[in-house]
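Comments concern the structure below.
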Amino acid sequence: MIFEQFSKIGIIPVVVLDDPKDASALGKALCENGLPCAEVTFRTAAAEETIRIMSREFPDMLVGAGTVLTKEQVDRAINAGAKFIVSPGLNPKIVQYCLDRSIPITPGTQTPSEMEQALELGLKVVKFFPAEPAGGLAMIKAVAAPYVDLKFMPTGGINAKNVRDYLAYNKIIACGGSWMVKKDLITSGKWEELGKLVREAADIVKEIRGGK
Numbered sequence: 001m002i003f004e005q006f007s008k009i010g011i012i013p014v015v016v017l018d019d020p021k022d023a024s025a026l027g028k029a030l031c032e033n034g035l036p037c038a039e040v041t042f043r044t045a046a047a048e049e050t051i052r053i054m055s056r057e058f059p060d061m062l063v064g065a066g067t068v069l070t071k072e073q074v075d076r077a078i079n080a081g082a083k084f085i086v087s088p089g090l091n092p093k094i095v096q097y098c099l100d101r102s103i104p105i106t107p108g109t110q111t112p113s114e115m116e117q118a119l120e121l122g123l124k125v126v127k128f129f130p131a132e133p134a135g136g137l138a139m140i141k142a143v144a145a146p147y148v149d150l151k152f153m154p155t156g157g158i159n160a161k162n163v164r165d166y167l168a169y170n171k172i173i174a175c176g177g178s179w180m181v182k183k184d185l186i187t188s189g190k191w192e193e194l195g196k197l198v199r200e201a202a203d204i205v206k207e208i209r210g211g212k
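Each residue of the sequence shown is one higher than the one before, starting from 1 at the first, in this note's numbering.
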């Protein structure tokens, strides 16, 4: 089950690439430093090719597509090798399109109404986005109480300073973040520095969750 893999990895790097030529080196840095996963956002034209390269060169890596807004993007991402889909909001048509094709999808939610809609669609895991601006961990704990079967993957404003608190809460499967895959490090090819940040993030997961 893909959500069990998310739970083991703990922190999902949210990747925005402008040029697919960086995909291979980034995939290598993530896999070698303890976070063999990437949510490649469809905000740039390079996303599809980035997913294709990472999936081909690192077959054991958990590569997925983020910021997916249309059925066409779902098809393009999956055809390129994506193993999961993430969307910023909850679009029932996109969720159902993925479920009908047995594609794991984590839609963004923020309110109890959206969470109930997710449950109605048969989902057990939702994204909480944007996490920090929407009330952060306190908000997640407040809304999690009535929805005992729902788990969360918060993204947005999470960083090395606050991620420990999120990971320590048992309703959170994993956190999405981009602080270890900073755009300037990628574009300037500072892979050693980036790898160090990835390793530090992976170590936080081990520290909080005991290397599970």
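All C-beta atoms, glycine included, are put in the ideal place defined by N, C-alpha and C.
{"Item": "Terminal residues of the alpha helix (DSSP H) in which Gly258 lies", "Value": "The question about residue 258 has no answer, for the chain in this structure spans 1 to 212."}
{"Item": "Option in Lys161, Asn170, Tyr97 and Asp165 with minimal Cα separation from Leu197", "Value": "Lys161"}
{"Item": "Whole-angstrom distance between Trp191 and Val95, CA atom to CA atom", "Value": "35 Å"}
{"Item": "The region 20–32 in contact with the region 64–76 per 3-pair CB rule at 8 Å", "Value": "no"}
{"Item": "Residue of Thr111, Met153, Val15 and Gln5 minimising C-alpha distance to Ala45", "Value": "Val15"}
{"Item": "Three-state class that DSSP yields for Phe6 in the structure shown", "Value": "helix"}
{"Item": "C-alpha distance - Leu262 paired with Pro92, whole-angstrom precision", "Value": "Nothing about residue 262 can be read from this structure; the chain reaches only from 1 to 212."}
{"Item": "Cα-Cα separation, Ile158 to Asp100", "Value": "32 Å"}
{"Item": "Lys212 versus Ile9 - alpha carbon distance", "Value": "Low local confidence applies: a pLDDT of 47 at Lys212 is under 50, so the model's placement there is unreliable, with the coordinate-based value given in what follows. Near 9 Å, if we compare the C-alpha coordinates of Ile9 and Lys212."}
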